[in-house]
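Working notes for the structure below.
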Amino acid sequence: MPRPIVNPAGSVPDPSQERYSLPSKNPLPLSFAQESQVRDQYYANVRAICAEEIRRYADCARGRTFSMVWKCKEQQKAMNSCMILHATQEEQDRAREEWFKKRIEKAERVKRRKEREEAEAAAAGGKELR
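full-length UniProt numbering puts the first residue of the sequence shown at 1, with every later residue one more than the last.
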């Protein structure tokens with residue numbers, strides 16, 4: 001009879017719990033380049049949410065060198081707090097959904113353009129035969 005799997009802490013896993021829960025609601029694997037695009041979208045979303053805090057920190061730090069460390073401490077803490085608050089798994093999921101939405105919209109635009117070009121080619125070909 002096989003022994004139950006014991007984790008390093010010494011407890012036996014509860015069989016009633018879901019074993020393979022994923023941290024994201026979008027488990028579809030993407031290539032490295034696609035994940036990079038999603039990550040860029042995620043960072044852009046978080047920066048857009050915290051734009052005011054980032055602007056205040058940048059205004060404070062502009063023209064300073066070493067003194068910005070203590071002169072802009074309050075603005076830096078506000079900026080970091082905002083980014084930490086909004087840098088969540090939900091925001092990553094939202095960025096992934098936006099990426100998929102853009103990809104689908106692009107595919108639909110390409111499809112409509114091809115259909116329009118084929119229709120124009122068919123119409124032009126029909127006129128030449130007359």
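All C-beta atoms, glycine included, are put in the ideal place defined by N, C-alpha and C.
In the DSSP assignment, Phe66 falls outside any alpha helix (DSSP H), carrying neither H nor E.
In the three-state DSSP reduction, Cys72 falls in the coil class, being neither helix nor strand. Under the three-state reduction of DSSP, Ser31 is assigned to coil, being neither helix nor strand. In the structure shown, Cys60 falls within a helical segment according to DSSP collapsed to helix, strand and coil.
In this structure, Tyr42 lies near Ala95, with their beta-carbon atoms less than 7 Å apart.
In the three-state reduction of the DSSP assignment, Ala95 falls in the helix class, which pools H, G and I.
The three-state secondary structure of Ala123, taken from DSSP, is helix.
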